[in-house]
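Engineer:
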Amino acid sequence: MEPENSNVSKAEELKLLANEAFTARKYSQAIDLYTQAIELKSESAVYWANRAFAHIRLEEYGSAIEDATKAIEVDPKYSKGYYRRGAAHLGLGKFKEALKDFQQVKKMCPNDPDATKKLKECEKAVLKLKFEEAIAAPDAERHSIAESIDYKSIGKSRNSSVPTKMAIVAVTVAVMAVVVMLFRSSMTIIVAAIMVGLLLLLGAFGWSGHNTDVEAQYSGARIEGDIITLDFVKKMMDDFKNQKCLHKRYAYQIVLQTRERLQALPSLVDINVPDGKHFTVCGDVHGQFYDLLNIFELNGLPSEENPYLFNGDFVDRGSFSLEVILTLFAFKCMSPSAIYLARGNHESKSMNKIYGFEGEVRLKLNDSFVELFAEVFCSLPLAHVINEKVFVVHGGLFSVDGVKLSDIRAINRFCEPPEEGLMCEMLWSDPQPLPGRGPSKRGVGLSFGTDVTKRFLQENNLDLVVRSHEVKDEGYEIDHDGKLITVFSAPNYCDQMGNKGAFIRFDAPDLKPNIVTFSAVPHPDVKPMAYANNFLRMFS
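So in our numbering, spot 350 of the sequence shown is number 1724, and the numbers just go up one at a time.
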C-alpha cells in the first residue's frame, strides 16, 4: 500500500512540474514529464489529456488524438478528453470528427459558455465545408484560373476609361462636322474626313481597351514591361516592410510568371553548385516576413552568385504570408537559378483554409488569388538533390524501402496532396530515434528511423538528407548518426515557441554543412493566426 501511495505522490509531483514546463512553453519537456507521471499512474485521465494538450501545441495531432482517446477510455465522463480530441481533429482539418467531440462536450457541460461557443463555430465550419463540397465542380470539369487571367488588362478602372472614349468620339465627330461644313463642295475631302474619323475612332477604342497603365495615385513598386528586376523586388520588399500593398496587376504578374517557371520543372530538381561556390538551404518561414528579411540581411539577397533553396511551408501561421510568398516568387521570376522553391504540407488548400493564408489573401487581394495560389502551389517541385549528394525534402522519407530518385521524378505532383503514398510522405513524415518505422505523431505520414535513412541514402548513392517541417529549439537538429539534418527558419515560431531559426550553407565541392542560427526580430503588432479560421483561433 505504501509504494502505491508513493507512486501517486510522485506522479502528482511530476504532473505539477509538467504543468510548469507547459506554462513556460517548453512543450517537449512537459511531454516527457507527463509521460513519467503516466508510467506511475496510468489510470489518470488528467495526465493523458494534459499530454494531449502539449502534443497539440507541437502540432503533433496524431499523438494528441491517441492520448485524448486514452483519457476518454480511462474516464468516459472526463469532458476534457473529448475537448482535446476535438481540438486535435480540428488541427488536421477533420471538422466532422471535431464536431462529434464538441457535441459530446456540450452534452456533458450544457451550461458551459465556452463549450457552447466552440460547438457553434464548429457547426458553422462543417456547414461551410458541406456547402463547398456541394458546389465544387468535378476534377474533370475544372478549368485553370491562371489561363483566364490577363494581368496586362488590369490597370485603370473601366469607369475612368469610358469618359476617355466618349471624349475622343465627341472630338472626332466634331472634327468631321467642321470639315464637311468647310468643304461642302469637295467630295474627296469629305470622304477623306470620314476615313480619318474612322481611324481616329478605331485608335481611340484600341488605345483605351489596351491601356495597361496603373493608376497614377499608386505610389508603390512598379514593374516596367514584362521583366521583374532586382530594383523592383527591393522596392516591393521595402513597401512590404512599411506595410504597404502591391498593386494587384503586379501581384498577378508575379504569380503567373512563377507558375510558368515552376510548371517547366520536374518533381525532383537537380541543383549543380560549382566548385568554390556556395548554396543556402532554408526551412519553414511560415509567414514571418520580417524574419525572412533578416535572413537576407545576414546572408545576402538571392542571386546567381548567392543561390537559395526554401524548403516549403512559406505560408500559414504567420500573418505576413502574402508578403513572404510574393517576395520569394518575385526572386524566382527575376532569376530562376537564384532561388529554388519546394512544396511543404502547408502549400495546400486544406491547410491554407485553416491556418490563415486563405483568409489573408482574401483580405489583402481577392478571392481569385486564393484559387490562383492553390493552383500554383500544385506546380511546386517536391524535392531537390544538390550535386548528386544532398537530398532535400520538406517532410521526410517513405513507408517502404527501395524508393529511387527516378520514382520521385515520376510523381505527378500537379494536384492537392493525397492522404497516403510517396507524395504525402515526402510532405508529412518525421524522423524518430528508434529504428524501423512507426505511426506519425501528426496523424499523417509516418515516423522513420536511422536504418531507414541510411538505406535510402545508400540505395541512391547520397550522403545526407536535409528536411524541415519541425520547430527545433536551436533552429536545427542533427539526427540519424549525422545523416539527417532538420532546419527550421521561423524563429520564435508563432510568437510563442522561443526557438531560434537557422539556415544551412553548403560550400562546394565538399558540401560540408555550415549551420547559421539567428533570433527573431520585431514585427508590426499583427498577431500570428490573425487571418486563420475563427474556430481554430479559439485554441491558439
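Idealized CB from N, CA, C, for every residue including glycine.
1. Which value, in whole angstroms, describes the spacing of the CA atoms of L1642 and E1734?
2. Tell me whether the beta-carbon of K1613 lies closer than 8 Å to the beta-carbon of G1594.
3. Quick one: grab the DSSP three-state call for H1652.
4. How many Å lie between P1883 and G1650 at the Cα?
5. Where DSSP assigns a beta bridge to G1436, which residues make up the other side?
6. Per DSSP, K1886 forms a beta bridge with which residues?
7. Apart from the five residues just before and just after V1448, which ones in its own chain have a Cβ nearer than 6 Å to its Cβ?
8. CB-CB under 6 Å to I1713, same chain, minus the five flanking residues each way: which ones, in chain order?
9. Go ahead and label E1844 buried or exposed: buried means 16 or more other beta carbons lie within 10 angstroms of its beta carbon, across all protein chains shown.
10. Taking 8 Å as the threshold, find out whether the segment 1740-1754 comes into contact with the segment 1813-1822 through three or more Cβ pairs.
11. Applying the 10 Å Cβ sphere with the 16-neighbour rule, what's the burial state of P1487?
12. Excluding five sequence neighbours on each side, which residues of the same chain lie with their C-beta closer than 8 Å to the C-beta of T1654?
13. Are the beta-carbon atoms of S1814 and G1436 separated by less than 8 Å?
14. Using a Cβ cut-off of 8 Å (strictly closer), state whether G1661 contacts chain B.
15. In three-state DSSP terms, what is T1824?
16. Give the DSSP-derived three-state secondary structure of Y1729 in the structure shown.
17. Please give the ranges of any beta strand (DSSP E) in the segment 1396-1430, keeping only runs that are unbroken, at least 3 residues long and fully inside the region.
18. Please say whether I1760 and R1623 have beta carbons closer to each other than 8 Å?
19. Along the chain, which unbroken stretches of the alpha helix (DSSP H) at least 4 residues long are found entirely within the segment 1446-1473?
20. Can you tell me which of the three DSSP states T1891 falls into?
21. Does the Cβ of H1517 have 16 or more other Cβ atoms within 10 Å, making it buried, or fewer, making it exposed?
22. Could you check where the beta strand (DSSP E) with L1858 kicks off and where it finishes?
23. Of the choices V1900, G1875, M1871, whose alpha-carbon is the least far from that of S1402?
24. Exposed or buried, what is K1480 when buried is set at 16 or more other beta-carbons lying within 10 Å of its beta-carbon?
25. Buried or exposed for K1608, going by 16 or more other Cβ atoms inside 10 Å?
26. By Cβ distance, which residues of its chain are closer than 8 Å to S1709, with the 5 residues on each side in sequence left out?
27. In whole angstroms, what is the alpha-carbon distance linking Y1408 and E1471?
28. With distance defined between alpha-carbon atoms, name the residue in A1784, V1500, H1720 nearest to H1768.
29. Going straight from the alpha carbon of N1908 to that of K1491, what length do you get?
30. Taking the continuous alpha helix (DSSP H) assigned at L1667, which residues delimit it?
31. Taking buried to mean at least 16 other C-beta atoms within 10 Å of its own C-beta, is Q1631 buried or exposed?
32. CA-CA distance, E1386 and N1379?
33. With respect to the alpha helix (DSSP H) encompassing A1625, which residues constitute its N-terminal and C-terminal limits?
34. For the segment 1498-1505 against the segment 1459-1473, do three or more pairs of beta-carbon atoms, one drawn from each stretch, fall closer than 8 Å, so that the two count as touching?
35. Taking the alpha-carbon positions, what's the F1606 to D1853 distance?
36. Could you tell me if Q1591 is buried or exposed, where buried requires 16 or more neighbouring beta carbons within 10 angstroms of its beta carbon?
Structural biologist: If we stick to the structure as given:
1. Locating residue 1642 in the sequence shown gives position 268, where the first residue counts as 1. Locating residue 1734 in the sequence shown gives position 360, where the first residue counts as 1. Distance between the alpha carbons of L1642 and E1734 is about 30 Å.
2. Here the question's residue 1613 lines up with position 239 in the sequence shown. Here the question's residue 1594 lines up with position 220 in the sequence shown. Rather than Lys, the amino acid found at residue 1613 in this sequence is Asp. The Cβ atoms of D1613 and G1594 sit closer than 8 Å to each other.
3. As a first step, residue 1652 must be located in the sequence shown, where it is residue number 278. Three-state result, H1652: strand.
4. Your numbering for residue 1883 matches position 509 in the sequence shown. Your numbering for residue 1650 matches position 276 in the sequence shown. Inter-residue distance for P1883 and G1650 is about 7 Å (C-alpha atoms, whole angstroms).
5. Reading the sequence shown from its first residue, position 62 is the one you call residue 1436. Looking at the DSSP output, G1436 bridges to nothing.
6. Here residue 1886 refers to the residue found at position 512 of the sequence shown. Answer is D1881.
7. Here residue 1448 refers to the residue found at position 74 of the sequence shown. If the five residues before and after V1448 are omitted, its C-beta is found closer than 6 Å to the C-beta atoms of E1417, A1419, all from its own chain and listed in chain order.
8. As a working mapping, residue 1713 is identified with position 339 in the sequence shown. Here the set comprises P1676, Y1682, F1705, K1706.
9. Looking up residue 1844 in the sequence shown gives position 470. With 16 or more other Cβ atoms within 10 Å, it is buried.
10. With the cut-off at 8 Å, the segment 1740-1754 and the segment 1813-1822 do not touch.
11. The residue labelled residue 1487 in the question sits at position 113 within the sequence shown. So P1487 counts as exposed.
12. Along the sequence shown, read from residue 1 onward, the residue named residue 1654 stands at position 280. Its chain contains N1673, N1680, P1681, Y1682, L1683, F1877, I1878, R1879, F1880 as the residues whose beta carbon lies nearer than 8 Å to that of T1654, once the 5 sequence neighbours on both sides are disregarded; these appear in chain order.
13. Here the question's residue 1814 lines up with position 440 in the sequence shown. Here the question's residue 1436 lines up with position 62 in the sequence shown. Going by C-beta atoms, S1814 is nearer than 8 Å to G1436.
14. Checking the listed chains, one finds no chain B in this structure; it contains a single protein chain.
15. To locate residue 1824, count along the sequence shown from 1; it is residue 450. T1824: helix per DSSP, three-state reduction.
16. The sequence position of residue 1729 within the sequence shown is 355, counting from 1. It is helical.
17. Annotation: the segment 1396-1430 contains no complete segment of the beta strand (DSSP E) (minimum length 3 residues).
18. Counted from its first residue, the sequence shown places residue 1623 at position 249. Counted from its first residue, the sequence shown places residue 1760 at position 386. R1623 is not a Cβ neighbour of I1760, given a cutoff of 8 Å.
19. Complete alpha helix (DSSP H) runs here, min 4: 1453-1465.
20. Translated into the one-based positions of the sequence shown, residue 1891 becomes position 517. Residue state, collapsed to three classes: strand.
21. Within the sequence shown, numbered from 1, the residue matching residue 1517 stands at position 143. Exposed.
22. Locating residue 1858 in the sequence shown gives position 484, where the first residue counts as 1. Where L1858 is concerned, the enclosing beta strand (DSSP E) starts and stops at 1858-1861.
23. In the sequence shown, residue 1402 corresponds to position 28, counting from 1. The option with the nearest alpha carbon to S1402 is M1871.
24. The residue given as residue 1480 occupies position 106 in the sequence shown. Buried, because 16 or more other Cβ atoms sit within 10 Å of the Cβ of K1480.
25. Here the question's residue 1608 lines up with position 234 in the sequence shown. It counts as exposed.
26. Working through the sequence shown from its first residue, we reach residue 1709 at position 335. Cβ within range, chain order: P1676, S1677, E1678.
27. Here residue 1408 refers to the residue found at position 34 of the sequence shown. Here residue 1471 refers to the residue found at position 97 of the sequence shown. Approximately 26 Å, taken between the alpha carbons.
28. Taking the first residue of the sequence shown as position 1, residue 1768 is located at position 394. Of the listed residues, the one whose Cα sits closest to H1768 is H1720.
29. Position 534 of the sequence shown holds residue 1908. Position 117 of the sequence shown holds residue 1491. Taken atom to atom, the span from the alpha-carbon of N1908 to that of K1491 is near 11 Å.
30. One-based indexing of the sequence shown puts residue 1667 at position 293. 1663-1673 is the span of the alpha helix (DSSP H), which, as asked, contains L1667.
31. For the purposes of this step, residue 1631 is taken as residue 257 along the sequence shown, with counting starting at 1. If you draw a 10 Å sphere on the C-beta of Q1631, you find 16 or more other C-beta atoms in it, and that means buried.
32. Counting from 1 along the sequence shown, the entry for residue 1386 is found at position 12. Counting from 1 along the sequence shown, the entry for residue 1379 is found at position 5. Straight-line measurement puts the Cα of N1379 at about 11 Å from the Cα of E1386.
33. The sequence position of residue 1625 within the sequence shown is 251, counting from 1. Element bounds for A1625: 1622-1637.
34. In this structure the segment 1498-1505 touches the segment 1459-1473; the number of beta carbon pairs closer than 8 Å is three or more.
35. Position 232 of the sequence shown, counting from 1, holds the residue named residue 1606. Position 479 of the sequence shown, counting from 1, holds the residue named residue 1853. Between F1606 and D1853, the C-alpha separation is close to 41 Å.
36. Residue 1591 sits at position 217 when you count from the first residue of the sequence shown. Residue burial annotation: Q1591 is exposed, with fewer than 16 other C-beta atoms found within 10 angstroms of its C-beta.
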